[in-house]
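Enquirer:
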Amino acid sequence: MPWTKAARLQYQRVGLRYASDLTDAEWALIARKMPPRHRLGRPREVDLREIVEAIFYVLWSGCQWRALPTDFPP
Numbered sequence: 002m003p004w005t006k007a008a009r010l011q012y013q014r015v016g017l018r019y020a021s022d023l024t025d026a027e028w029a030l031i032a033r034k035m036p037p038r039h040r041l042g043r044p045r046e047v048d049l050r051e052i053v054e055a056i057f058y059v060l061w062s063g064c065q066w067r068a069l070p071t072d073f074p075p
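Residue numbering for the sequence shown follows this note's numbering, starting at 2 and increasing by one per position.
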């Protein structure tokens, strides 16, 4: 597919912190597969999107989990 102006607008990643971060459209596809929040038990302390983005960062950069930037959850 040639990089037309329309294609560039569709695939641009402006405003993301890292190259491995997800756009809202990409997250919408993944979020449907995530388990729903349970009514019982402890509420989640960390957003699942942040966890997925951290996993993608590790896969993309090759760094260790402990070497993640402080922007990501523990």
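Quick reminder that beta carbons are idealized off the backbone N, C-alpha and C, glycines included.
So that I know if they touch, is there some Cβ in chain C lying closer than 8 Å to that of residue 24?
Expert: In the structure shown, chain C does not exist; there is a single protein chain.
Enquirer: Among residues of its own chain, excluding the 5 on either side of residue 38, which ones have a beta-carbon nearer than 8 Å to its beta-carbon?
Expert: Contacts found: 44 and 45.
Enquirer: Hey, out of 19, 53 and 40, whose CA is closest to residue 34's CA?
Expert: Taking only the C-alpha atoms, the option nearest residue 34 is 53.
Enquirer: Grouping DSSP H, G and I as helix and E and B as strand, with all else coil, what is residue 11?
Expert: In the structure shown, residue 11 sits in a helix (DSSP, three-state: H, G or I).
Enquirer: Relative to the ligand ATP, is the shortest distance from any of its heavy atoms to the C-beta of residue 39 smaller than 7 Å?
Expert: This structure lacks the ligand ATP; in fact it carries no ligand of any kind.
Enquirer: Apply the 10 Å Cβ neighbour rule to residue 55 and answer buried if 16 or more other Cβ atoms are within range, or exposed otherwise.
Expert: Residue 55 comes out buried.
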